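Those protein sequence lines, which keep their order, are chains A and B. Under this note's numbering, the first residue of the first sequence is numbered 1, with each subsequent residue one higher. Under this note's numbering, the first residue of the second sequence is numbered 1, with each subsequent residue one higher. The beta carbon of each residue, even a glycine, is placed where N, CA and C say it ideally should be. Note that this is a predicted model, so its numbers are computed, not measured. Below is one structure, written out as structure tokens; the observations come after it.
2 protein chains.
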Amino acid sequence: MKKITVLGSTGSIGTQTLQVMEHHADRYELDGLAAGSNAALLIEQALRFRPKRVCLATEAAARQAKEALPAHIEVLQGEAGLVELAGGGDADTVVTALVGSRGLPATLAAIEAGKSIALANKETLVTAGHLVMEAAKRKGVSILPVDSEHSAIFQCLNGERREDVRGITLTASGGSFRDRTRDQLQGVTVEQALNHPNWSMGAKITIDSATMVNKGLEVIEAKWLFGLHYDEIDVLIHPESIIHSFVEFNDNSVIAQLGLPDMRVPIQYALSYPERLHNPSGRLSLAEYGKLTFREMDFDRYRCLALAFASGRAGGTATTVFNAANEVAVDRFLRGEIEFLAIESILEKVMEKHEIIANPDLEAIAGADSWARRTAASL
Amino acid sequence: MKKITVLGSTGSIGTQTLQVMEHHADRYELDGLAAGSNAALLIEQALRFRPKRVCLATEAAARQAKEALPAHIEVLQGEAGLVELAGGGDADTVVTALVGSRGLPATLAAIEAGKSIALANKETLVTAGHLVMEAAKRKGVSILPVDSEHSAIFQCLNGERREDVRGITLTASGGSFRDRTRDQLQGVTVEQALNHPNWSMGAKITIDSATMVNKGLEVIEAKWLFGLHYDEIDVLIHPESIIHSFVEFNDNSVIAQLGLPDMRVPIQYALSYPERLHNPSGRLSLAEYGKLTFREMDFDRYRCLALAFASGRAGGTATTVFNAANEVAVDRFLRGEIEFLAIESILEKVMEKHEIIANPDLEAIAGADSWARRTAASL
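Encoded structure:
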């Protein structure tokens with residue numbers, strides 16, 4: 001039995017991770033669960049999967065869980081509880097499915113404890129890729145991607161030699177506004193933005209798909225995961241989200257990973273690698289689709305993606321600032337405080353103001369992060 | 001330096017193999033060359049690449065070569081010469097690019113001599129897959145596919161476990177008549193049939209693409225190369241020939257190999273495996289294509305493919321008979337002796353008449369082969 005801890009169990013990736021584990025109950029056992037404030041769902045999950053420990057972000061939620069759960073399930077709380085849950089326990093693999101940069105200390109704790117990471121919390125690599133990958137290398141720990149694009153690249157690299165890779169291409173559906181011009185983005189509503197054509201995901205990531213910030217974060221994530229330069233990473237619009245991403249090799253051969261848009265495939269692969277197991281998702285029929293379409297990425301239309309590349313190339317704290325400013329801007333958009341296009345202009349302005357610190361440690365990262373949040377909130 | 005012998009050097013695959021070798025003149029050295037009757041081209045190749053030995057099928061062609069080539073290049077002749085060329089010499093890899101079933105004895109001789117096979121002569125596996133694969137296994141020899149579809153599958157299987165494979169799908173452009181109904185196939189000319197939309201290939205294989213016999217032979221070839229059952233092999237019409245083929249795994253993940261239709265990529269991979277080297281072909285841009293299309297294979301429209309599956313499932317000498325009857329029928333069509341649709345009806349009738357010998361040896365295969373040729377010539 002492989003023991004798994006799931007950080008962010010009540011979100012979209014978290015709940016689907018538990019579905020996959022249930023589908024293979026003979027192989028996977030839950031060691032720990034962590035969530036934010038959704039105590040009701042975490043309690044339900046804990047009663048069903050019987051982990052040894054759970055953690056909730058808020059005191060109120062933790063109290064609720066303590067009352068509802070049997071005494072042998074330990075209830076932890078807050079940032080410190082999360083780090084303890086991630087780094088302690090018997091888990092072989094920790095699924096990091098928290099949203100945003102608060103997953104970083106827990107991920108580092110899990111790596112230091114020698115646990116494999118099934119990484120869905122891309123902000124971890126975006127804000128501290130150099131620290132996370134250095135720690136993983138030092139501890140000999142595998143970082144297995146959960147994002148469908150990175151899982152695709154990871155699968156395409158199976159059995160291949162790093163020096164034969166010319167570059168990778170991440171595909172992008174184009175998000176909920178892909179058929180609108182820039183002008184037509186004026187005044188779009190939160191509801192419209194949340195209506196993603198292919199993937200059923202959380203609110204933050206759905207907005208990030210519409211702005212293409214999500215793809216930008218994925219570009220930075222890919223840089224760290226696969227040890228690439230930014231000019232080895234390309235993005236292609238592929239509205240059907242069937243080709244999840246691909247690798248081009250030196251001999252002009254391209255290896256791609258395809259499938260229906262269903263996160264349970266890459267989630268499971270991160271748990272079962274190098275094996276492949278039966279998956280509850282559906283099978284792809286290309287004949288049924290009839291066609292797959294592609295168009296060049298338009299960096300003027302999707303300026304946030306250009307900003308992401310720029311922050312990646314700038315390096316240091318630039319990506320932390322890009323990510324933190326975006327979290328605040330998206331939150332403000334979701335709360336109806338700003339317009340959709342203001343996400344982009346806030347990002348631009350915050351990045352302009354930022355003085356980059358090269359090769360930052362955790363403290364410098366945290367400093368840049370909160371500076372970016374304050375600045376993004378004030379614009 | 002890797003030493004290569006090319007059987008069928010004056011054909012489409014042969015000449016492209018020499019192009020690839022020239023592109024990597026620092027890695028590959030020509031050991032032997034064999035062709036049919038095109039002495040002029042073989043002489044030119046021999047003068048350029050300086051092999052130790054050459055072989056021609058006919059006495060007249062061999063005499064011509066002897067006169068034109070320097071004395072230190074040995075000139076062999078006929079079936080026996082071909083076997084000597086393939087099995088002797090210093091070649092590490094023998095590229096078998098002869099057309100039709102006459103490549104079998106030479107391929108077996110090369111395997112017995114412990115040489116790797118870059119297999120383009122699919123009829124070898126179609127007529128004697130059980131003998132060829134048994135010999136390769138016994139001698140620990142690699143059979144590396146040169147066909148673009150099989151190279152694609154081979155690449156998609158890199159780093160994967162055999163037990164995780166659910167099945168493979170070979171893509172088919174649909175050939176020169178893919179947009180015609182069965183009725184519209186009445187009275188088509190040889191010229192029309194030779195006009196393949198994507199691939200520049202020899203005459204026989206271009207006709208085989210139009211009848212879908214080629215895909216049928218590839219299905220049988222794939223069965224032997226990858227140790228599959230026929231119900232693990234599917235065929236999909238993909239007019240653009242960009243996805244060269246793909247593998248579906250147990251977790252519903254699909255790995256595909258893509259590229260421009262250029263045989264120099266799979267030819268080179270068969271020589272360089274497991275390395276990937278720069279290739280003289282062009283790079284794929286999916287954005288430039290804009291779309292890739294797919295449609296279900298229609299086994300009524302392409303009855304020869306259904307016959308190929310039937311012969312494969314029947315086993316024994318059935319595939320030999322399918323292939324030999326087809327060689328004669330295509331030859332008769334190319335000579336203007338029969339109609340295009342008669343290829344199919346000849347195949348059907350010959351297969352009906354045939355009494356299958358299970359697990360045939362070389363003699364039984366040769367017997368079935370010449371019986372099928374006689375019968376196909378008489379219908």
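Residue from the options with nearest C-alpha to residue i
i: B/T375; options: B/A358, B/H196, B/I346 and B/D361; result: B/I346
i: A/K3; options: A/R27, A/G11, A/T15 and A/E22; result: A/R27
i: A/L277; options: B/P274, B/S272, B/L277 and B/N250; result: B/N250
i: A/K291; options: B/P239, B/M133, B/N323 and B/A306; result: B/P239
i: B/T319; options: B/L271, B/E67, B/L18 and B/S101; result: B/S101
i: B/A35; options: B/E344, B/T293, B/G367 and B/G103; result: B/G103
i: B/Q186; options: B/C55, B/N158 and B/F333; result: B/F333
i: A/E112; options: A/A97, A/A25, A/E123 and A/S142; result: A/S142
i: A/R182; options: A/G367, A/D298, A/G88 and A/I117; result: A/D298
i: A/R335; options: A/K204, A/V321, A/F246 and A/D369; result: A/K204
i: A/S37; options: A/Q192, A/G8, A/R301 and A/F154; result: A/G8
i: B/T124; options: B/T169, B/D369 and B/M351; result: B/D369
i: A/G159; options: B/P274, B/A39 and B/A342; result: B/P274
i: B/L47; options: B/A57, B/P70 and B/A62; result: B/P70
i: A/E84; options: A/A109, A/R63 and A/H23; result: A/A109
i: B/S245; options: A/K52, A/L119, A/S245 and A/A256; result: A/A256
Buried or exposed (CB count within 10 angstroms, at least 16 for buried), residue i
i: A/A60; result: exposed
i: B/T127; result: buried
i: B/T189; result: exposed
i: B/G316; result: buried
i: B/M212; result: buried
i: B/E221; result: buried
i: B/E248; result: buried
i: B/P360; result: buried
i: A/S285; result: exposed
i: A/R264; result: buried
i: B/K139; result: exposed
i: B/H72; result: exposed
i: A/M380; result: Absent from the model: residue 380 of chain A. The displayed extent of chain A is 1 to 379, so no value can be given.
i: A/L217; result: buried
i: A/L362; result: exposed
Partners in chain A for residue i, counting only beta-carbon separations shorter than 7 Å
i: B/L42; result: Going along chain A, no residue has its Cβ under 7 Å from B/L42, so there is no contact; the nearest lies around 28 Å.
i: B/I153; result: Simply none; closest approach about 12 Å.
i: B/R162; result: Near B/R162 there are no residues of chain A at all, since even the closest Cβ is about 11 Å away, more than 7 Å.
Limits of the unbroken beta strand (DSSP E) element including residue i
i: B/P145; result: I143 to P145
i: A/E29; result: Y28 to A35
i: B/F249; result: I243 to F249
i: A/A256; result: V254 to L258
i: A/A118; result: S116 to L119
i: A/R53; result: R53 to L56
i: B/T320; result: Premise fails: B/T320 lies in the alpha helix (DSSP H), A318 to L334, not in any beta strand (DSSP E).
Chain B contact residues for residue i, given Cβ-Cβ distances below 8 Å
i: A/G259; result: N252, S253 and V254
i: A/V265; result: D251, N252 and S253
i: A/E275; result: R161 and D164
i: A/C55; result: None at all; the shortest Cβ gap to chain B is about 30 Å.
i: A/R290; result: Per the sequence shown, residue 290 of chain A should be read as Gly rather than Arg. Within chain B, the residues near A/G290 are T293, F294 and R295.
i: A/L284; result: E248, N252 and V254
Proximal chain A residues relative to residue i, where beta-carbon distance stays under 9 Å
i: B/S281; result: D251 and N252
Distance cut-off 8 Å: residue i Cβ against heavy atoms of the ligand COA
i: A/R303; result: In the structure on display, the ligand COA does not appear, and there are no ligands present to speak of.
Beta-carbon neighbours of residue i, restricted to chain B and to distances below 9 Å
i: A/Y302; result: Per Cβ cutoff of 9 Å: no residues; A/Y302 is ~14 Å from chain B at best.
i: A/H278; result: N250, D251 and N252
Start and end residues, alpha helix (DSSP H) containing residue i
i: B/E44; result: A39 to F49
i: B/K204; result: A203 to T211
i: A/E363; result: L362 to S378
i: A/Q155; result: S148 to C156
i: B/E123; result: K122 to K139
Cβ distance (whole Å) where residue i is taken to contact residue j below 8 Å
i: B/V330; j: B/R373; result: Not really, about 12 Å apart at Cβ, beyond 8 Å.
i: B/G129; j: B/E232; result: Their Cβ separation, rounded to whole angstroms, is 15 Å, which puts B/G129 and B/E232 out of contact at 8 Å.
i: B/V219; j: B/A308; result: 6 Å
i: A/T93; j: A/K122; result: Incorrect: roughly 17 Å between the Cβ atoms, too far for contact.
i: B/L33; j: B/V6; result: 6 Å
i: A/I13; j: A/A97; result: 4 Å
i: A/E258; j: A/I237; result: First, the residue type needs correcting, since residue 258 of chain A is Leu and not Glu in the sequence shown. With a Cβ gap of about 16 Å, A/L258 and A/I237 do not count as contacting.
i: B/A57; j: B/G88; result: That pair is no contact at about 18 Å.
Test: residue i CB closer than 9 Å to a CB of chain E
i: A/N158; result: Given the protein chain composition of this structure (A and B), no chain E is represented.
Beta-carbon neighbours of residue i, restricted to chain A and to distances below 8 Å
i: B/A28; result: In the sequence as displayed, the identity of residue 28 of chain B is Tyr instead of Ala. In chain order: nothing, as chain A lies at least about 14 Å away.
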